[in-house]
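Participant: Residues 77 to 352 in our numbering are what the sequence shown spells out, letter by letter.
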Amino acid sequence: MSAAAPPLPTPAETYEPVPLLRDKVIVVSGIGPGLGHSLSVEAARMGAKLALVARTETKLEKLAEEARAAGGTALVAPADITVEEQRRTIVERTLAEYGRVDCLINNAFAIPPMNPITEIELGALRNANETNVFAPLRLSALFADALEQSRGSIIMLNSCVSYSSQPEYSGYKLSKGALAHLASSLATELGPRGIRVNSIAPSYVYEGINKAYFDWLASQAGVTHADIYQQKAAPTDLQRLAGPEEVARAALFLASDLASAVTGQMLTVDCGEFHR
77 MSAAAPPLPT PAETYEPVPL LRDKVIVVSG IGPGLGHSLS VEAARMGAKL
127 ALVARTETKL EKLAEEARAA GGTALVAPAD ITVEEQRRTI VERTLAEYGR
177 VDCLINNAFA IPPMNPITEI ELGALRNANE TNVFAPLRLS ALFADALEQS
227 RGSIIMLNSC VSYSSQPEYS GYKLSKGALA HLASSLATEL GPRGIRVNSI
277 APSYVYEGIN KAYFDWLASQ AGVTHADIYQ QKAAPTDLQR LAGPEEVARA
327 ALFLASDLAS AVTGQMLTVD CGEFHR
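(1) Candidates G267, F210, L258, S238: which alpha carbon is nearest Q225's?
(2) Need the endpoints of the beta strand (DSSP E) that L343 sits in, please.
(3) Can you give me the C-alpha to C-alpha distance between A119 and A184, rounded to a whole angstrom?
(4) Identify the continuous beta strand (DSSP E) that holds N182 and give its terminal residues.
(5) Which residue spans inside the region 266-291 form an unbroken beta strand (DSSP E) run of at least 3?
(6) Evaluate the contact criterion for the region 190-210 versus the region 261-275: three or more CB pairs, one atom per stretch, below 8 Å.
(7) In three-state terms, what does DSSP make of R338?
(8) What is the DSSP secondary structure of I196, counted as helix, strand or coil?
(9) Candidates A302, A324, G123, L97: which alpha carbon is nearest N234's?
(10) Compare the Cα-Cα distances from V177 to each of A124, G284, G247, L314 and report the closest residue.
(11) Measuring only the C-alpha atoms, how far is A130 from V159?
(12) Using only alpha-carbon positions, find the residue among N274, A326, S246, I187 that is nearest to G228.
(13) What residues in its chain sit with their C-beta under 6 Å from that of A81, if we drop five residues either side in the sequence?
(14) Would A288 pass as an interface residue toward chain B - the criterion being a Cβ-Cβ separation below 7 Å?
(15) Excluding the 5 residues preceding and the 5 following R169 in the sequence, name in chain order all residues of the same chain whose CB lies nearer than 8 Å to its CB.
(16) How far does the alpha helix (DSSP H) with A327 in it reach, from first residue to last?
(17) Exposed or buried, what is V299 when buried is set at 16 or more other beta-carbons lying within 10 Å of its beta-carbon?
(18) Can you tell me which residues form a DSSP beta bridge with I231?
(19) Take every Cβ of the region 284-291, pair it with every Cβ of the region 244-252, and state whether three or more of those distances are shorter than 8 Å.
(20) Report the residue ranges of all beta strand (DSSP E) runs contained in full by the region 113-137; include only those spanning at least 3 residues, in chain order.
(21) Excluding the 5 residues preceding and the 5 following T149 in the sequence, name in chain order all residues of the same chain whose CB lies nearer than 6 Å to its CB.
(22) Check whether the Cβ atoms of L167 and L218 lie closer than 7 Å to each other.
(23) Taking 8 Å as the threshold, find out whether the region 186-193 comes into contact with the region 135-144 through three or more Cβ pairs.
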């Protein structure tokens, strides 16, 4: 009996970048090891000029080196996005460096305690919303004048948690639901100024944080990491989970001129888990 043929490569594995974002200035707020990293590197591969925002300068510098090696330009802008003065500094530094802004990506997020919502202290919910809702609101408002000049866009990183109702995700769902309504309101308010506002909603992204989470779930259930992966992938049409690069590329489509008539939308990137 002949051996089974190896699986065909996925489109993600055969992807070749194209210059969709050549010379566009993209601000990425929140550049953690997963999706923020992929958003930045994939934008650089598409020719973007980046302003990278996070609290830790050493992490920013490392990512900036990767972005430059990938063909982009990168400005490092260390800041706490929950502080108004530092938010204003991000805008000032970006415009001083590049003279324009084409897209603001609000990717930074905080996860409140994973308890039923009636058991979460209000202070913890307020802290999460400072990062997940109020910071994107203020950054969008502060960048609006520059985005009007470029007829640019804003992208909110949301989550498919909005489509489920598990008690442990209720606090996070609260802030992501507010973020979805914020994006919709901004699309209506800023649309007459030529600014598009859209959202991306991934489900489980198969990257470092979720890989560690799957390890923990496996240890609790006495099963393997692969078992947990299959459990999470089973509800999807493609029978797999999206990688961070795939989610980043879908988001960056919304930053490109290909999406010039797309606003007020939530693009679900989940390998077909939810049909919206």
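Glycine included, each C-beta is placed from N, C-alpha and C at the ideal position.
Bear in mind that the values here come from a model prediction, so they are computed numbers and not experimental data.
Facilitator: Considering the structure as presented:
(1) The shortest Cα separation from Q225 among G267, F210, L258, S238 belongs to G267.
(2) Per DSSP, the unbroken beta strand (DSSP E) holding L343 starts and ends at 342-345.
(3) In this model, A119 and A184 are separated by some 17 Å (Cα to Cα).
(4) Residues 179-182.
(5) Listed in chain order, they are 272-278.
(6) Taking 8 Å as the limit for Cβ pairs, the verdict is that the region 261-275 does not touch the region 190-210.
(7) The displayed chain sequence assigns Val, not Arg, to residue 338. V338: coil per DSSP, three-state reduction.
(8) Looking at I196 - three-state DSSP - the assignment turns out to be coil, as it is neither helix nor strand.
(9) Residue A324 is the option with its Cα nearest to N234.
(10) Closest option to V177, judged by alpha-carbon separation, among A124, G284, G247, L314: A124.
(11) One C-alpha to the other measures close to 12 Å.
(12) Comparing C-alpha distances from G228 to each of N274, A326, S246, I187 shows the shortest one belongs to N274.
(13) Bear in mind that a pLDDT of 47 at A81, under 50, signals an unreliable position, so the model cannot answer this.
(14) Absent from the structure: chain B. Only one protein chain is present.
(15) Excluding sequence neighbours, R169 sits near A127, L151, A153.
(16) Segment 320-331, the alpha helix (DSSP H) holding A327.
(17) Counting Cβ neighbours within 10 Å, V299 comes out exposed, since fewer than 16 surround it.
(18) Beta-bridge pairing by DSSP links I231 to I181, N274.
(19) Fewer than three Cβ pairs drawn from the region 284-291 and the region 244-252 lie within less than 8 Å of each other, which leaves the two stretches out of contact.
(20) The region 113-137 contains these whole beta strand (DSSP E) runs: 125-130.
(21) Apart from the 5 residues on each side of it in sequence, T149 sits with its Cβ closer than 6 Å to the Cβ of K125 in its chain, given in chain order.
(22) Per the sequence shown, the amino acid found at residue 167 is Val instead of Leu. Contact annotation: V167 and L218 have beta-carbon atoms nearer than 7 Å.
(23) Touching, no, given that fewer than three Cβ pairs across the two stretches are closer than 8 Å.
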